[in-house]
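Number of protein chains: 2
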Amino acid sequence: MAVEPEVVLLDFWVSPFGQRCRIALEEKGVPYEYREQDVLNCKGELLLRSNPVHKTIPVLLHAGRAICESFVIVHTYVDEAWPDAAPLLPRDDPYARAEARFWADYIDKKIYGCQTRLWKLKGEAQEQAKKDLTEVLKTLESELGDKPYFAGDTFGFVDIALVPFTSWFLAYEKLGGFSIEEHCPKIVAWAKLWRERESVAKALTDPDKVEFVQFLQTKFGPM
Amino acid sequence: MAVEPEVVLLDFWVSPFGQRCRIALEEKGVPYEYREQDVLNCKGELLLRSNPVHKTIPVLLHAGRAICESFVIVHTYVDEAWPDAAPLLPRDDPYARAEARFWADYIDKKIYGCQTRLWKLKGEAQEQAKKDLTEVLKTLESELGDKPYFAGDTFGFVDIALVPFTSWFLAYEKLGGFSIEEHCPKIVAWAKLWRERESVAKALTDPDKVEFVQFLQTKFGPM
Chain A
1 MAVEPEVVLL DFWVSPFGQR CRIALEEKGV PYEYREQDVL NCKGELLLRS NPVHKTIPVL
61 LHAGRAICES FVIVHTYVDE AWPDAAPLLP RDDPYARAEA RFWADYIDKK IYGCQTRLWK
121 LKGEAQEQAK KDLTEVLKTL ESELGDKPYF AGDTFGFVDI ALVPFTSWFL AYEKLGGFSI
181 EEHCPKIVAW AKLWRERESV AKALTDPDKV EFVQFLQTKF GPM
Chain B
1 MAVEPEVVLL DFWVSPFGQR CRIALEEKGV PYEYREQDVL NCKGELLLRS NPVHKTIPVL
61 LHAGRAICES FVIVHTYVDE AWPDAAPLLP RDDPYARAEA RFWADYIDKK IYGCQTRLWK
121 LKGEAQEQAK KDLTEVLKTL ESELGDKPYF AGDTFGFVDI ALVPFTSWFL AYEKLGGFSI
181 EEHCPKIVAW AKLWRERESV AKALTDPDKV EFVQFLQTKF GPM
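So the sequence lines, in the order shown, correspond to chains A and B. Letter by letter, the first sequence follows residues 1 to 223 in UniProt numbering. Letter by letter, the second sequence follows residues 1 to 223 in UniProt numbering.
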């Protein structure tokens with residue numbers, strides 16, 4: 001009888017939310033089995049059973065128990081279930097932990113919405129989405145300052161929250177006809193550097209996603 | 001010279017997000033100064049300086065440092081900065097912590113949006129909001145089961161996340177012309193019971209908020 005692996009990740013190749021989990025597991029050195037899910041056409045029985053509330057990836061299965069939602073997986077579970085290797089959040093400093101959580105939430109609340117509006121909408125609404133995305137990235141640039149990572153000298157939770165989104169920049173620049181680098185050179189430089197980090201390079205896909213975004217546009221928009 | 005209190009909460013009386021923080025501080029027995037903010041008309045300099053990103057309440061000031069966003073305040077900061085009294089999340093059990101975080105996020109993502117649509121919209125869109133709210137509450141009812149609290153035998157993070165919203169039920173029932181209790185008797189019974197808990201009773205306001213919602217409708221909608 002096949003032995004079920006201890007750690008399994010239900011994921012979808014291009015998802016920034018799933019990529020966060022892959023980077024976190026890689027940073028921790030946790031071996032896991034990656035299982036690609038057909039989220040666009042036919043969700044599998046294991047995914048629906050493991051995440052009956054949201055019915056979406058990523059789902060981490062650890063010893064048969066399911067943990068859902070990327071921040072819950074990375075922040076609340078992976079960092080605490082494997083505490084010894086590569087802490088993703090500062091230990092014993094509630095203020096620093098709160099700061100990291102605040103910025104990760106900011107990334108979640110702002111970037112995904114801007115990016116979706118950018119490829120779904122046209123004309124003035126698309127212009128607004130470009131402006132909003134630039135503003136959000138400028139705010140993040142100002143928080144990053146001259147530090148190598150958001151938390152200072154250690155790659156951590158906020159970096160993991162943001163870096164997957166940066167692999168979409170090229171596609172959005174092509175589709176929106178604008179340059180992110182022109183407005184936010186620091187974030188683009190930061191992204192270029194850390195996309196080469198081993199854990200990140202393994203998780204992220206080719207930044208040229210125009211074809212995939214065009215497929216999304218055909219399936220779900222533009223509106 | 002007046003001595004600045006160690007803990008200050010910038011808040012707005014009727015905010016469920018602010019109320020979460022008040023309940024958490026009360027559960028922990030942390031003395032604090034409550035400072036009402038005029039968020040609808042004129043945001044004060046201290047609020048804008050303390051939360052320059054979102055420019056909104058609640059903000060917790062602890063020894064002069066600002067912590068923003070209700071879940072960051074309750075989950076990441078208050079529970080960890082005052083760890084000894086009344087733990088709001090289970091200690092040393094990453095899976096139980098992840099479960100609590102998952103359900104709190106579910107409450108945040110779903111309930112506020114449904115309730116806002118319920119008072120902002122009319123006709124079919126309002127009917128849909130009533131249906132969605134009922135579905136969300138049924139999902140929470142099923143998670144609660146026959147336990148007294150979401151985590152089992154201890155009042156904690158998920159209870160704090162949800163209970164402030166329940167003090168709006170009466171207003172929404174009146175405005176929407178429907179009964180939440182008819183569809184979700186368990187959550188209503190749970191809410192009635194825990195609204196009497198000392199920390200909750202102190203934080204929550206009179207459930208009859210029809211006048212305040214009518215004021216919101218005049219100011220921001222219905223659309």
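Quick reminder that beta carbons are idealized off the backbone N, C-alpha and C, glycines included.
What does Y53(B) touch in chain A if you count any residue whose Cβ is under 7 angstroms from its own? Translated into positions along the second sequence, residue 53(B) becomes position 53. Just to set this straight, residue 53(B) is Val in the shown sequence, not Tyr. By Cβ distance, chain A contributes Y106 and T139.
Residue-level contact to chain B via CB, F102(A), 9 angstroms cutoff: By 1-based counting over the first sequence, the position of residue 102(A) is 102. So yes, F102(A) belongs to the interface.
Go through the UniProt domain "GST C-terminal" (93 to 220) of chain A residue by residue and report every complete run of the alpha helix (DSSP H) that reaches 4 residues or more, in order. Annotation note: the UniProt domain "GST C-terminal" (93 to 220) of chain A contains the following uninterrupted alpha helix (DSSP H) runs of length 4 or greater, listed N- to C-terminal: 94 to 120, 123 to 144, 157 to 166, 169 to 176, 180 to 183, 185 to 194, 198 to 203 and 210 to 220.
DSSP on M223(A), reduced to helix/strand/coil? Position 223 of the first sequence, counted from the start, is the residue given in the question as residue 223(A). Residue confidence for M223(A) is low, a pLDDT of 46 falling below 50, so the modelled location carries little weight; the figure read from the coordinates is stated next. The answer is coil: DSSP assigns M223(A) none of H, G, I, E or B.
Those residues which DSSP pairs with G36(A) across a bridge: Here residue 36(A) corresponds to residue number 36 of the first sequence, with the count starting at 1. As written in the sequence, residue 36(A) is Glu, which differs from the Gly given in the question. The partner list for E36(A) (beta bridge, DSSP) reads D11(A).
State the Cα-Cα distance for the pair P58(A) and A66(A), rounded to the nearest angstrom. Taking the first sequence and counting its residues from 1, one reaches residue 58(A) at position 58. Taking the first sequence and counting its residues from 1, one reaches residue 66(A) at position 66. Cα to Cα, the separation comes out at about 10 angstroms.
Would you please state the rounded distance, in angstroms, between the beta carbons of S70(B) and L10(B)? I believe it to be under 8 angstroms. The residue labelled residue 70(B) in the question sits at position 70 within the second sequence. The residue labelled residue 10(B) in the question sits at position 10 within the second sequence. S70(B) to L10(B), Cβ: 12 angstroms. No contact.
Please list the residues of the UniProt domain "GST N-terminal" (5 to 86) of chain A that have a C-beta atom closer than 7 angstroms to any C-beta atom in chain B, keeping them in chain order. V53, R65, I67, C68, E69, V72, T76, Y77, E80 and A81
Closer than 9 angstroms to chain B by CB, E211(A): One-based indexing of the first sequence puts residue 211(A) at position 211. No, its Cβ sits nowhere closer than 9 angstroms to a Cβ of chain B.
To the nearest angstrom, how far is the alpha carbon of W13(B) from that of V200(B)? Taking the first residue of the second sequence as position 1, residue 13(B) is located at position 13. Taking the first residue of the second sequence as position 1, residue 200(B) is located at position 200. W13(B) and V200(B) have their C-alpha atoms some 13 angstroms from each other.
Helix, strand or coil at H75(A) [DSSP, three-state]: If you number the first sequence from 1, residue 75(A) lands on position 75. In the structure shown, H75(A) sits in a helix (DSSP, three-state: H, G or I).
So is S179(A) buried or exposed if we call it buried at 16+ other beta carbons inside 10 Å? As a position in the first sequence, residue 179(A) is number 179, starting the count at 1. With fewer than 16 other Cβ atoms within 10 Å, it is exposed.
Could you name the residues of the same chain whose beta carbon sits closer than 6 angstroms to that of K110(B), not counting the 5 residues immediately before and after it, in chain order? The sequence position of residue 110(B) within the second sequence is 110, counting from 1. Cβ within range, chain order: V136.
Residues of chain A with CB closer than 7 angstroms to the CB of R97(B), please, in chain order. What you label residue 97(B) is simply residue 97 of the second sequence in a count that begins at 1. Chain A residues near R97(B): T76 and E80.
Given a cut-off of 9 angstroms on the beta-carbon distance, is the pair G161(B) and A98(B) in contact? Residue numbering aside, residue 161(B) sits at position 161 when the second sequence is read from its first letter. Residue numbering aside, residue 98(B) sits at position 98 when the second sequence is read from its first letter. For the sequence presented, residue 161(B) should be read as Ala rather than Gly. Remark: C-beta atoms of A161(B) and A98(B) do not approach each other more closely than 9 angstroms.
By how many angstroms is the C-alpha of A96(A) removed from the C-alpha of P90(A)? Here residue 90(A) refers to the residue found at position 90 of the first sequence. Here residue 96(A) refers to the residue found at position 96 of the first sequence. Each residue's alpha carbon lies about 7 angstroms from the other.
Let me make sure I understand the geometry here. Which of D38(A), H62(A), C42(A) and G44(A) has the alpha-carbon closest to that of P31(A)? Position 31 of the first sequence, counted from the first residue, corresponds to residue 31(A). For the residues D38(A), H62(A), C42(A) and G44(A), the minimum Cα distance to P31(A) belongs to H62(A).
How about F155(A) and Q115(A): do their beta carbons lie closer than 9 angstroms? In the first sequence, residue 155(A) corresponds to position 155, counting from 1. In the first sequence, residue 115(A) corresponds to position 115, counting from 1. Contact flag unset, no.
Thinking C-alpha only, which one of K174(B), I187(B) and L175(B) is nearest E141(B)? For the purposes of this step, residue 141(B) is identified with residue 141 of the second sequence, where counting begins at 1. Checking every option, the nearest Cα to that of E141(B) belongs to I187(B).
Which whole-angstrom value is the C-beta distance of A24(B) and L118(B), which I expect to be below 8 angstroms? Here residue 24(B) refers to the residue found at position 24 when the second sequence is read from its first residue. Here residue 118(B) refers to the residue found at position 118 when the second sequence is read from its first residue. Rounded, the Cβ-Cβ distance is 27 angstroms, inconsistent with contact.
Inter-residue spacing [alpha-carbon to alpha-carbon] between A191(A) and V163(A): Working through the first sequence from its first residue, we reach residue 191(A) at position 191. Working through the first sequence from its first residue, we reach residue 163(A) at position 163. The alpha-carbon atoms of A191(A) and V163(A) are separated by roughly 6 angstroms.
Exposure of Q214(A), with buried meaning 16 or more beta-carbon neighbours within 10 Å: As a working note, residue 214(A) is residue 214 in the first sequence. Around the beta carbon of Q214(A), fewer than 16 other beta carbons lie within 10 angstroms, which makes this residue exposed.
Less than 9 angstroms between the beta carbons of V7(B) and E27(B), yes or no? Working through the second sequence from its first residue, we reach residue 7(B) at position 7. Working through the second sequence from its first residue, we reach residue 27(B) at position 27. Contact flag unset, no.
P94(B) vs T76(A) beta-carbon contact at 9 angstroms: On the second sequence, residue 94(B) is found 94 positions in, with the first residue counted as 1. On the first sequence, residue 76(A) is found 76 positions in, with the first residue counted as 1. Yes, Cβ-Cβ distance for P94(B) and T76(A) is below 9 angstroms.
So, P16(A) versus Y112(A), is the Cβ gap smaller than 9 angstroms? Working through the first sequence from its first residue, we reach residue 16(A) at position 16. Working through the first sequence from its first residue, we reach residue 112(A) at position 112. In this structure, Y112(A) lies closer than 9 angstroms to P16(A) by Cβ.
As assigned by DSSP and simplified to three states, the class of C42(A): One-based indexing of the first sequence puts residue 42(A) at position 42. Coil at C42(A), not helix or strand.
Short Cβ contact (9 angstroms threshold) for A100(B) with V39(B): For the purposes of this step, residue 100(B) is taken as the residue at position 100 of the second sequence. For the purposes of this step, residue 39(B) is taken as the residue at position 39 of the second sequence. At a Cβ-Cβ threshold of 9 angstroms, A100(B) and V39(B) do not count as neighbours.
Listing by chain order, which chain B residues have their CB less than 8 angstroms from the CB of P94(A)? As a working mapping, residue 94(A) is identified with position 94 in the first sequence. Per Cβ cutoff of 8 angstroms: T76, Y77, E80 and A81.
Going by C-alpha to C-alpha distance, which of L46(B), V53(B) and G177(B) sits closest to G64(B)? Start at 1 with the first residue of the second sequence, and residue 64(B) comes out as number 64. The candidate whose alpha carbon is nearest that of G64(B) is L46(B).
Among H183(B), K122(B) and C21(B), the one whose alpha carbon lies nearest that of L133(B): Counted from its first residue, the second sequence places residue 133(B) at position 133. Taking only the C-alpha atoms, the option nearest L133(B) is H183(B).
By the three-class DSSP mapping on this structure, what secondary structure does I67(A) have? Counting from 1 along the first sequence, the entry for residue 67(A) is found at position 67. Strand, per DSSP.
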